[in-house]
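Under the working numbering, the sequence shown has 20 at position 24, and the numbering climbs by one with no breaks. Everything on this sheet refers to the single structure shown next.
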Amino acid sequence: MKPIILFFSLFILLFFKTENNYLVSLGKSPDCNGFNFCNVSISSAESRKENEVLATIDVLDEKHIQFNFLKRSVTDKLFLKYFATGNFLLDDDYTFNEDICNTLELKKCTLKKGKYAISDEYDKYVVVFVF
């Protein structure tokens, strides 16, 4: 009986990994227009504003961070504005708030402006940004 319980516990841990979703408001502060991030926060709400998408975030190394924008949360309007060209544009540097910086254990909290290639994967749009 114990080996069966152990096997199912390992199965659950390996195949049902829970991910921390972040809520990314697209646009440029203060009015969330333009091409940038207006805000990045930990996702807790079921409903989102028109310019918000869900993403998982992975810190790759001390110079790169990967955003995995979940396709199910990207509306047609947001796709056309931010993802359709194949490049994600940050028209100005973006600095994470202190909470996100601490949660992600970042040494540098500012993404550099620029054009970043978008990889279209099965259920997400992947963008690797530079600090």
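Backbone N, C-alpha and C define an ideal beta-carbon position, used for all residues, glycine too. Computed from a prediction, not measured in an experiment: that's the story for all the values here.
Is it right to say residue i is buried, meaning 16 or more other beta carbons lie within 10 angstroms of its own, or is it exposed?
i    : result
Y90  : buried
G110 : exposed
L9   : Low confidence applies here, because L9 scores a pLDDT of 42, under 50, leaving its location unreliable; read the following figure in that light. Exposed, since its Cβ has fewer than 16 Cβ neighbours within 10 Å.
Y118 : exposed
I53  : buried
K16  : The sequence shown places Asn at residue 16, not Lys. Exposed.
L76  : exposed
Going by beta carbon distance, what residues of the same chain come within less than 7 angstroms of residue i, once the five residues before and after it are set aside?
i   : result
K59 : V126, F127
S25 : C34
I1  : Reliability fails at I1, whose pLDDT of 49 lies under 50, so the model's placement of it is uncertain and the value that follows must be treated cautiously. Within the same chain, I1 has no close Cβ partners at all.
D72 : none
D88 : K24, N32, K109
Once the 5 residues before and after residue i are set aside, which same chain residues still bring their CB inside 8 angstroms of it?
i   : result
N29 : G23
K45 : S21
Starting from the C-beta of residue i, find all residues in its chain whose C-beta is less than 6 angstroms away, skip the five residues before and the five after it, and write them out in chain order.
i    : result
F84  : Y112, I114, V123
G82  : I114
C105 : T91, F92, C97
So residue i packs on residue j, CB below 8 angstroms; how close in whole Å?
i    : j   : result
L66  : A80 : About 17 angstroms; that fails the 8 angstroms criterion.
L74  : N47 : 7 angstroms
Y121 : V70 : 7 angstroms
I61  : T99 : Wrong, their Cβ atoms sit about 12 angstroms apart, outside the cutoff.
Does the beta carbon of residue i come closer than 9 angstroms to any beta carbon on chain D?
i   : result
D88 : No chain D appears in the structure shown, which is made up of a single protein chain.
(request) Would you mind listing the alpha helix (DSSP H) stretches within the region 27 to 109 that are 4+ residues and don't spill past its ends, in chain order? (result) 94 to 99
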